[in-house]
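Taking our numbering, the leading residue of the sequence shown gets 124, the next gets one more, and so forth.
Following: one structure in structure tokens, then a few remarks.
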Amino acid sequence: MPFRHGALSVLFSATVFLGAFLLFSVQPMAAKEMLPQLGGSPSVWNVCMLTFQTLLLAGYAYAVFVQKSRKPMAALQILLLCGALFVLPSAGTSFALSPEHPSFDLIAALIRRIGLPFFVLAGMSTLLQVWFAQTGAKDPYRLYSFSNAGSLAALALFPIFIEPNVPPETQRMLWSAGFEAYGVLVCLCLFAGGRLKSGENVSNGGAEKVSFSKAAFWTAASFVPCSLMLGVTTYITTDLSPSPLLWNVPLALYLLAFVLAFSKWGKSVLNLFLLLRPAAVIAFITMYVLSFLSHRMALPHLAVSFVMMQVCLGVLAQSRPKSGNLSVFYFCVALGGALGGVFNGLAAPLIFNTYAEYGLMFLAALLFAPAQTGEKRSAQDIWRDFAIPLGIFFLSFGLLAFAHMSGAFNERIAGIVVILMIGSLMSATARDPLRCALTGGVLILFGSYVYSGQNPYSVFHAKILQERNFFGVTSVRKEQSVKGLRTLLFHGTTLHGVQYAGAGAKDEPRLYYAPSSGVGNALLTAAKRGDKNIAVVGMGAATLSAYARKDQKWTYYEIDPLIVSLSAGRRPVFSYFKDHTPDAEIKIGDGRVLLAKENKKFDVIVLDAFSSDAVPSHLLTKEALETYVSRLSPKGMILFHASNRILDLPSVLSAGASALNLTGLQFVSKNPEDGSSVVWTALTPSKETAALLRSASPLWRPLPKVSGDLLWTDAYADIPAAMKKNRRLPARNRR
């Protein structure tokens, strides 16, 4: 029956491809809709992935349950498909946000929105492959390649074609139509597969009992690359605006690794990437220890992570079972993925106060290597596994101490020397997974110690606080500068506030908020005009409170409860708020969402809501600007902090101003702390207010005219087009 088998193969392949496309296109679509509700936090994607991976696991568990009951369970499959049709994605709605537990609110919202359709797609993806194997197909893993191809197609098309050109409502409509077509194809697969002769059913062929150790290995080999993929995504989106494009690239690389690992060239690919692994280790440690994190390092981080993911998944593919245990194998793979999502989305923010899971999973990936048979490790080999890393640690620390005592101490040079010294040793031991992992681990721990601020030789002075939550990593440091003792507030890699000690100095606004800055000039001008109502989105150290007058009413909007406690808690670290605006109202939540609910009008709205150096794109869209303008008094103004080392935000705001017929001004000044450039922009519907600002300072100049391509909307924000290209533009301070 070659023709029938050929037609059946095409039918199953098309169904699996469409199901995978739907499964992976709904993920960025749903996550993007949730992003504005949670302040554009990079953690949104991790929690979304946790939800998706858990639903995937539930689907695979269901597939294991029904694997050997295809005909009796056919009615149930059709019933589930029909039930999912009644809960297909609909127009997004807001959901209640608990600042203390935003992750659980997000999970609940996702399950309500897409839970059942996602579960059905996940379960059917495995069942279709099992049913295909039951038809007597020689290579059921062939469908796995079609599944991954469909996933890759979705991840590539969504940010490149679908998101820029298809409105969100149309996206949901087309996705629903695709799901309906998928249901028809599944029914055809059930009907056509059931027409084969019973003798061709090999559902139990090759089935063997899977040992616990084998299942645990499959789970671990899936857990590590999934966690690594999520870790590198968080790492690179700390300073880049979270968006489907930046989410999809690491996920696409992860799936590409799956495709290559399970292809007919899988073993050759694995051997090639084992040769590349030492170079990846050296590159990773250099970037990670020295904290070279910027948009220029995003691609190298993705490259080295891809090497490690490919090795892990290559080892996983080489250990795959016969067709009789397909469902168990896929269940273990899904379990590992779900555990990776749980670890990165929920556990890591509670366990670590940095993004340590990225480096930890990179090291864990070094433990995976092809099974070696017939080799026994001697006691001397085992001793070397531990002696070499310990020797490296003491040698490195001795070098650091010697450099310090000699008076020619330079931590970064010392770190580079140590890394170069270890590079050749790492290459020699990279084929031994345990020794390589231990060596790399010691080096990363050593480097982290050198640069952490917790030792007397650190490049930083003492941290008095460092915490991580859903909204990122926040740290507070104290240091003695030439101007006196000062306290600094960092979020991620970016300095967000500073306050000096002393009776007079502690009341002076500093950094991007100094009187010589655009926001300082505008707030002083507004006070002279008699403006009463001031709104500030993004609290930081509450430095702007220093400009408050007794007759003014200030309102702060801040999504991170930790920032609120540091600036306005019972025992605040920074005193600007307590000393100048003790009666100001603080509203916790996303600034745009909260402003849309306000009934009052503001004379000035200030937006300074950065997460590290990443500006939440939903705060700068045309629809967001319309919300701000609707909350302005007739002569009001909107002030944006537009300093950014990656994105050309003034051009984005200029496009928005043109679209809404607003007057846009730009103010470029020098940061009095370090001389770096600071950019503020002002948008106003009032020509009179624009003239007032320009008369207050000649540094207020019209925003440059730009093309409409830079206009951001809720439907699409073209992040790559807004990146700075070969031109020097102002950037915020980094640590």
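All C-beta atoms, glycine included, are put in the ideal place defined by N, C-alpha and C.
- Less than 9 Å separates the beta-carbon of leucine 383 from that of glycine 389.
- Taking a C-beta distance under 9 Å as the contact criterion, tyrosine 679 and alanine 649 do not qualify as a contact pair.
- For the pair serine 132 and phenylalanine 255, the Cα-to-Cα distance works out to about 8 Å.
- For tyrosine 185, the uninterrupted alpha helix (DSSP H) segment begins and ends at 166-189.
- The criterion of a C-beta distance shorter than 9 Å is not satisfied by leucine 266 and leucine 278.
- Exposure of leucine 297 is indicated by the presence of fewer than 16 other C-beta atoms within 10 angstroms of its C-beta.
- Residue burial annotation: aspartate 683 is buried, with at least 16 other C-beta atoms found within 10 angstroms of its C-beta.
- In the DSSP assignment, phenylalanine 385 falls outside any beta strand (DSSP E), carrying neither H nor E.
- Counting along the chain, no alpha helix (DSSP H) covers glutamine 622; the unbroken beta strand (DSSP E) around it starts and ends at 617-623.
- By the neighbour-count definition (other C-beta atoms within 10 Å, threshold 16), proline 373 is a buried residue.
- Excluding the 5 residues flanking it on each side, alanine 488 has same chain C-beta neighbours closer than 8 Å at Val347, Pro348, Leu351, Met431, Met432, Val434, Cys435, in chain order.
- Exposure of leucine 202 is indicated by the presence of fewer than 16 other C-beta atoms within 10 angstroms of its C-beta.
- Annotation for valine 139: Leu251, Leu266, Phe269, Ser270 place their beta carbon closer than 6 Å to its own, counting only its chain and skipping 5 residues before and after.
- Bounds of the beta strand (DSSP E) holding lysine 793 are 786-793.
- Counted as a single uninterrupted DSSP element, the beta strand (DSSP E) harbouring glutamate 602 occupies residues 595-604.
- Judged by beta-carbon spacing, glycine 620 lies within the 9 Å limit of leucine 611, meaning their Cβ atoms are closer than that value.
- Judged by their CB atoms, serine 766 and leucine 772 are nearer to each other than the 9 Å cut-off.
- With respect to the 9 Å criterion, threonine 293 and tyrosine 478 are not classified as neighbours on the basis of their beta carbons.
- Relative to the Cα of leucine 422, the nearest Cα in the group Gly627, Lys673, Phe340, Ala403 belongs to Ala403.
- A direct Cα-Cα distance of roughly 6 Å separates serine 668 from phenylalanine 700.
- A Cβ-Cβ separation of about 6 Å places alanine 665 in contact with phenylalanine 697 under the 8 Å criterion.
- Between histidine 764 and tryptophan 803, the CB-CB gap stays under 9 Å.
- Around the C-beta of valine 210, fewer than 16 other C-beta atoms lie within 10 Å, and the residue is accordingly described as exposed.
- Taking threonine 807 as the centre and dropping the five residues before and after it, the same chain places the C-beta of Met760, Thr786, Ala813 closer than 6 Å to its C-beta, in chain order.
- The alpha-carbon of leucine 204 is positioned some 28 Å away from that of valine 167.
- At the C-beta level, alanine 732 and valine 660 come within 9 Å of one another.
- The shortest C-alpha to C-alpha distance from alanine 344 to any of Leu233, Phe396, Ala457, Leu376 is the one to Ala457.
- For leucine 378, same chain residues with a beta-carbon under 6 Å away, outside a window of 5 residues either side, are Asn271, Ser274, Leu275 in chain order.
- The residue among Ala245, Cys171, Glu303 with its C-alpha nearest the C-alpha of leucine 179 is Ala245.
- Note: glycine 607 is bridge-paired with Ser604 in the DSSP secondary-structure output.
- Short of 7 Å from the beta carbon of glutamate 746, and not among the five residues preceding or following it, lie these beta carbons of its own chain, in chain order: Thr836, Asp837.
- In terms of Cα proximity to serine 800, the closest of Gln789, Lys810, Ser809 is Gln789.
- Leucine 199 and glycine 301 do not touch by the CB rule: their CB atoms are close to 22 Å apart, not below 8 Å.
- The beta carbons of glycine 464 and leucine 158 sit about 17 Å from each other, so the pair does not count as a contact at 8 Å.
- The beta carbon of threonine 704 lies closer than 6 Å to those of Ser668, Ala671, Trp677 in the same chain, with the five residues before and after it left out.
- The Cβ-Cβ distance between phenylalanine 429 and leucine 376 falls below 9 Å.
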